[in-house]
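So the structure is just underneath, and the comments pick up after that.
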Amino acid sequence: MDDQNKNLILATALSFLVILVWFVLFPPEQPAVDQGAPTVAGETVPIAEAPSVVATESVATAEPSPVQSPRAEIDTPRLSGSLSLLGGRIDQLALKDYRETLEPDSPNVVLLKPVGQPEAYYAVFGWAPGGSLGAEDVPGPNTEWKLVSGKQLTPENPLSLEWENAKGLVFRRQISVDDDYMFSVTQQVENTSGEPVRLAPYSELVRDGEPSDLKGFFIIHEGAIRQDGEELEEFTYKKMRRFDADEKWGAGSDVANVESNGWVGFTDHYWMTILIPDKDQAFTSVLQYNEARDTYKSIARLATREIKPGETTSVSTRVFAGAKEWQTIRDYESNLGIYRFIDAIDWGWFFFLTKPIFAVLHWLNGIIGNMGWAIIGLTLIIKAIMFPLAYKSYVSMAKMKELQPEMEKLKERAGDDRQKLQKEMMELYRKEKVNPASGCFPILLQIPVFFSLYKVVFVTLELRHAPWIGWIRDLSAPDPSSVLNLFGLLPYSPPDPNSFLAVFSIGLLPILLGISMWLQQKLNPTPTDPTQKMIFAWMPWVFMFMLGRFASGLVLYWITNNTITFTQQYAIMRKHGHKPDVLGNILKGFKREKSEKE
């Protein structure tokens, strides 16, 4: 077998192997299942030892009561819900701009749910008592706050809450929200007693149980996340359940001290809830799992404060609760100075590729107004950047074809002397300035780009439910059409994704992918070598089935890439005096197959 055959087989095998492993490890997402109507969320006070400054002050963990409580409505351009005056927790939130499925009557995505509902998820704020104060002296999960001002939380109208204990401490809380997803919570304590008191402010996110809609794919992080100084840390729910017992913060905790400008919270596939203390405030980040209650917590604890008689102290914390929109998060990072907030989106190991790829894709979508056409435009840009190297590779491949007569003569002269043949072939390559391995370069270059684009399509919210044309209504999902019902012409539904027939239920885009690869092969005559012939015959259709259940956006990229590659190769071959006979090669292939059968 000559070097050209070896290179072809090596490149093809490598492509098969990489995509097969990728397909097994990171299977494409199945279409979303309608989860039903929106529901909402609840809270818990921490095992609250005051951080660092106070060594032994703590209160027992208390559970919020799942009872009907007075509420204040939340209504913004992008959020709807309410906060509970029982505990003063933000615990009911739905996203106005996003629905569970593509159906027009599908319910809005629900982010936070109150105590008493399945998978309760909520934000709670408070003060851990120190010194002579006990749990009854600070507002807890079942404390009913008084609404002092405002009846509805909107971007124009903040809410003010108040509660006073029996010892002369007045607790106030002001909650505001912007037009997008950022809440600001200012906690204040006024000491009207005659004695100094010690209190430690905290804020926490509480999640009852692991989310039922957890994707569980390695390619996307779902769970706790925190920016700890210079380090971004990610913890799956499974990892949180494995936390060792911690004497300081209770069983199942992971603790990190953040000097300033950090954040902590939970991230889902497309949504997240993050606590962001003011950037000039050091805090202790605590991730915690309570096995008995099956609750997960992300907590930001601030240093203990001593409040003298007649003094007032306050602390502010931001809470991001919403969709992981690139532009929105990027604006918060730059305008509010939230350090590395854009990295809350899981860019993966190839972040140096995924970040610029998505930035260009977002820019193109802003110009074109359609993500499908933006993917095609992105592919054109990527191919243009790679063209100089691809050009050299294609020229080298063209020269290799020109050298075929000389190589045949070398084989005849060398006979069975493989060593002599290899030596003379290398001399021929050197003389003609040909690199036989260069044909693999375009394929090898495409692999990290393919992985990065897969990450972008799968992870970023902007591709979710993004339409292209006609039947492609969601570029983050597989092509919904099926050859088994003639792409909707027959009155039958395509097989269920869990059915074994789904393997054969190939959509129109995957078929176009297979055809584009097959046509690319026909730039050259069908090889006479049996090994090459077998690979060429099966490769397009194997790839068609392998990539058939991948996201439509990714398949669209591959089709565009193949089409551009076909055009480039055709032009370069013509330039070097070789006119590809695509139609003739197709007809010869059919004739050869017919003669072999006879």
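Start counting at 1 in the sequence shown, then tack on 494, and there's your number in our numbering. Quick reminder that beta carbons are idealized off the backbone N, C-alpha and C, glycines included.
Of the candidates Tyr1051, Thr637 and Arg1068, Tyr1051 places its Cα closest to the Cα of Gln940. The residue among Gln586, Leu983 and Trp962 with its C-alpha nearest the C-alpha of Leu1003 is Trp962. A Cβ-Cβ separation of about 7 Å places Phe619 in contact with Thr811 under the 8 Å criterion.
Counting only runs of 3 or more residues that sit fully inside the stretch 592 to 621, the beta strand (DSSP E) segments are 602 to 606, in chain order. In this structure, the beta-carbon distance from Glu684 to Val664 falls below 8 Å. The residue among Gln782, Gly703, Ser808 and Ser887 with its C-alpha nearest the C-alpha of Gly610 is Gly703. Taking the Cα of Ser792 as reference, the smallest distance to any Cα among Glu728, Ala960 and Leu1007 is reached at Glu728. CA-CA distance, Leu726 to Leu980, rounds to 49 Å. In this structure, Asn1056 is the residue among Ser1046, Asn1056, Gln782 and Phe1044 with its C-alpha nearest to the C-alpha of Pro1034. Taken through DSSP and simplified to helix, strand or coil, Tyr675 comes out as coil. Looking from the CA of Thr873, the closest CA among Met920, Leu947 and Gly1001 belongs to Leu947. For the stretch 753 to 821, there is no continuous alpha helix (DSSP H) assignment of 4+ residues that stays within its boundaries. In the DSSP assignment, Leu573 falls within the beta strand (DSSP E) that extends over Leu573 to Ser578. DSSP places Trp1052 outside any beta strand (DSSP E); the residue lies instead in the alpha helix (DSSP H), whose first and last residues are Ser1046 to Lys1069.
For Leu699, the uninterrupted beta strand (DSSP E) segment begins and ends at Val691 to Asp702. Gly866 sits away from Ile1009, with the two beta carbons spaced by 8 Å or more. Residue Gln782 holds the alpha-carbon nearest to the alpha-carbon of Trp743 among Phe712, Gln782, Met734 and Phe777. Residues Pro532, Ala588, Leu589, Lys590, Tyr592 and Arg593 of the same chain have their beta carbon placed closer than 7 Å to that of Asn602, with the five preceding and five following residues left out of the count. Nearest to Trp757 by C-alpha distance, out of Arg720, Phe737, Ala838 and Phe845, is Arg720. Here Met1038 is buried: its Cβ has 16 or more other Cβ atoms, across all protein chains shown, within 10 Å.
With 16 or more other Cβ atoms inside 10 Å of its own Cβ, Trp841 counts as buried. Distances from the alpha-carbon of Phe777 to those of Gly628, Phe760, Asn755 and Thr789 put Asn755 closest.
Sequence-distant Cβ neighbours of Ala745 in its own chain, meaning closer than 6 Å and more than five residues away, are Ala739. Within the same chain, and ignoring the five residues on either side of Asp569 in sequence, the residues whose Cβ sits closer than 8 Å to its Cβ are Gln646, Leu647 and Thr648.
In this structure Phe881 is exposed. Its beta-carbon is surrounded by fewer than 16 other beta-carbon atoms within 10 angstroms. Separation of Trp621 and Lys607 (C-alpha to C-alpha, rounded to the nearest whole angstrom) is 23 Å. Residue pairing from DSSP places Leu653 in a beta bridge opposite Ile669. Annotation: Tyr1064 to Leu1077 spans about 13 Å, alpha carbon to alpha carbon. If you ignore the 5 residues before and after Ile768, its C-beta comes within less than 6 Å of the C-beta of Trp757, Gly759 and Phe814, all in its own chain and listed in chain order. Here Lys590 carries a strand assignment [DSSP, helix/strand/coil]. With distances taken between CA atoms, Ala1045 lies nearest to Thr954 out of Thr954, Phe1030 and Ser643.
Ala566 and Ile770 have their C-alpha atoms spaced approximately 23 Å apart.
Counting only the Cα atoms, Ser999 lies some 25 Å from Gln1015. According to the DSSP secondary-structure assignment, Gly744 is paired through a beta bridge with Asp740. Rounded to the nearest whole angstrom, the CA to CA distance from Arg787 to Leu708 is 19 Å.
Between Ala868 and Ile875 the beta-carbon gap is near 10 Å, outside 8 Å, which marks them as no contact.
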